[in-house]
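A short write-up of the structure that comes next.
There are 2 protein chains.
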Amino acid sequence: MEANKPDTATRILDVAERLFVEHGFEATSLRMITQQAEVNLAAVNYHFGSKDALFESVFMRRIGPFVAACLAELDAAEQSGEALSAEALVRSFVRPCLALSKDPARGGALFVRLMSRTLVENHRLLREALSQQYSVFVQRYTAAFQRALPQFAAEDIAWRMHFAFTVMFNAFAGNDVLKIFGRSQVVNARDPELIVKHLIPFVVAGLSAPI
Amino acid sequence: MEANKPDTATRILDVAERLFVEHGFEATSLRMITQQAEVNLAAVNYHFGSKDALFESVFMRRIGPFVAACLAELDAAEQSGEALSAEALVRSFVRPCLALSKDPARGGALFVRLMSRTLVENHRLLREALSQQYSVFVQRYTAAFQRALPQFAAEDIAWRMHFAFTVMFNAFAGNDVLKIFGRSQVVNARDPELIVKHLIPFVVAGLSAPI
DNA sequence: GTCTATAAGCAGATAGAC
DNA sequence: GTCTATCTGCTTATAGAC
Chain A
1 MEANKPDTAT RILDVAERLF VEHGFEATSL RMITQQAEVN LAAVNYHFGS KDALFESVFM
61 RRIGPFVAAC LAELDAAEQS GEALSAEALV RSFVRPCLAL SKDPARGGAL FVRLMSRTLV
121 ENHRLLREAL SQQYSVFVQR YTAAFQRALP QFAAEDIAWR MHFAFTVMFN AFAGNDVLKI
181 FGRSQVVNAR DPELIVKHLI PFVVAGLSAP I
Chain B
1 MEANKPDTAT RILDVAERLF VEHGFEATSL RMITQQAEVN LAAVNYHFGS KDALFESVFM
61 RRIGPFVAAC LAELDAAEQS GEALSAEALV RSFVRPCLAL SKDPARGGAL FVRLMSRTLV
121 ENHRLLREAL SQQYSVFVQR YTAAFQRALP QFAAEDIAWR MHFAFTVMFN AFAGNDVLKI
181 FGRSQVVNAR DPELIVKHLI PFVVAGLSAP I
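What follows is the structure, given as structure tokens:
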């Protein structure tokens with residue numbers, strides 16, 4: 001537990017997390033990772049077995065605590081006894097995202113970007129691993145939204161959750177899709193507080209819109 | 001103009017477009033492309049110069065007509081004389097997306113996915129090329145939304161457009177972010193008509209929500 | 001656990017015959 | 001324009017000394 005230098009495996013995970021986000025999985029070589037982590041090239045295969053397994057380790061280190069935090073928020077909201085509103089549910093997801101974004105020790109905004117990027121890329125390494133393990137996440141939110149929006153059919157709720165989580169994941173990922181098209185008025189898409197302030201009204205309105 | 005076999009350059013573009021969408025740029029090798037296109041490996045460098053230049057060619061072949069179609073819709077809507085609604089503006093973007101999705105001759109849903117993926121990945125090869133050339137796209141939509149939603153400040157409009165275009169691009173890209181988390185109730189995120197039906201109310205409500 | 005050295009293969013790109 | 005053959009460099013992964 002030295003303050004200054006984490007152990008070899010942790011240094012590899014930290015650097016790999018950053019490089020996978022910046023350049024993507026395929027464009028990141030083990031040589032880039034081990035050089036920046038100041039460890040030997042062979043250390044990756046010793047500690048993780050392969051590049052694929054390293055990616056899984058990078059992801060799994062963070063996703064468990066994050067999903068647990070979301071479910072804890074949901075539990076707290078449901079145990080309050082009041083009828084859940086769509087806004088309360090959105091906030092129960094946004095709050096852990098915001099907390100994560102601001103906590104570098106748990107991956108910070110970097111991991112939120114990795115999550116978003118991985119979801120959008122539909123990454124082969126995570127399709128099975130994640131979908132098996134975290135279906136409870138989707139099931140809980142689906143049930144909660146069905147109770148919060150009883151006027152809508154299950155299929156409509158599924159579509160709206162699909163759009164809502166798409167925009168939330170992408171919002172925290174910090175990519176400005178319009179910047180690439182040459183916007184002059186630039187939105188600061190990297191300030192988590194600012195994102196949340198604008199994100200919540202948009203998502204809640206979208207979820208609650210009349211059919 | 002033989003019906004059966006397009007020329008070499010076109011065959012390369014068609015196959016590259018599909019593989020770049022399926023596997024991403026880095027994970028797609030020139031050997032994969034040339035084998036599936038049934039052309040010689042050296043043909044890529046002869047016709048396009050490099051792998052990077054091939055990617056640009058794949059993208060540029062489609063993006064020009066697509067942006068032109070969006071601007072034409074915008075022109076038509078504005079020349080109708082009526083005050084533009086947010087919904088009319090959303091439809092002016094969704095209609096070309098839908099038309100493109102259903103027209104394989106112009107890239108079909110495949111190119112919409114390539115657009116979305118490229119935007120989310122913030123691809124190095126397109127940051128400059130696109131942002132220089134298509135800033136008019138963002139400027140026109142920004143001005144139109146500012147007139148359609150005069151009650152909001154320019155900064156708020158910028159944020160809402162950011163979210164709206166994020167969800168629209170991702171919707172047409174056909175990735176279900178919740179599926180990876182193991183949803184049981186699966187939305188058919190690949191049927192363009194169905195996407196549009198659910199997408200428009202969500203996006204319009206998000207854009208128009210009170211601050 | 002950490003290192004050096006190297007295996008084995010694939011990548012993009014090109015020279016030069018036809 | 002199209003082909004074969006090849007160059008050069010980088011990739012992941014591993015064997016084996018320390």
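Chains as they are written, first to last, in full-length UniProt numbering: chain A, 1 to 211; chain B, 1 to 211. Even glycine gets a Cβ: it sits at the ideal position worked out from N, Cα and C. Predicted, not measured: the structure shown is a model, and the values here were computed from it.
Is the shortest distance between the beta-carbon of residue i and the beta-carbons of chain B less than 8 Å?
i	result
L30 of chain A	no
V90 of chain A	no
A158 of chain A	yes
A153 of chain A	no
R117 of chain A	yes
P201 of chain A	yes
G93 of chain A	Checking the displayed sequence, the identity of residue 93 of chain A turns out to be Phe instead of Gly. Cβ-Cβ to chain B under 8 Å: no for F93 of chain A.
F145 of chain A	no
V112 of chain A	no
A209 of chain A	yes
V196 of chain A	no
Please check if any C-beta of chain A sits within less than 8 Å of the C-beta of residue i.
i	result
L100 of chain B	no
A189 of chain B	yes
E121 of chain B	yes
F163 of chain B	yes
G206 of chain B	yes
A3 of chain B	Any reading at A3 of chain B is ruled out, since the residue's pLDDT is 49, under 50, leaving its predicted position unreliable.
Is it buried or exposed, residue i, if we count other Cβ atoms within 10 angstroms and call 16 or more buried?
i	result
E17 of chain A	buried
Q35 of chain A	exposed
D191 of chain A	exposed
A205 of chain A	buried
L54 of chain A	buried
L41 of chain A	exposed
E121 of chain A	buried
A143 of chain B	exposed
M168 of chain A	buried
N4 of chain A	exposed
S116 of chain A	buried
A76 of chain B	exposed
- Task: Return the residues of the UniProt domain "HTH tetR-type" (6-66) of chain B that lie within a Cβ-Cβ distance of less than 7 Å from chain A, sorted by chain order.
- Result: G24, E26 and A27
- Item | Sequence ranges, alpha helix (DSSP H) only - wholly within the segment 45-91 of chain B, length at least 4 | Runs found: 51-79.
- Which residue spans inside the segment 118-154 of chain A form an unbroken alpha helix (DSSP H) run of at least 4? 124-133 and 135-148
- Could you list the residues in the segment 165-181 of chain A with a C-beta less than 8 Å from some C-beta on chain B, going in chain order? F165, T166, V167, F169, N170, A171, A173, N175, D176, V177, L178, K179, I180 and F181
- Quick one: complete alpha helix (DSSP H) runs, 4+ long, within the segment 8-33 of chain B? 8-23
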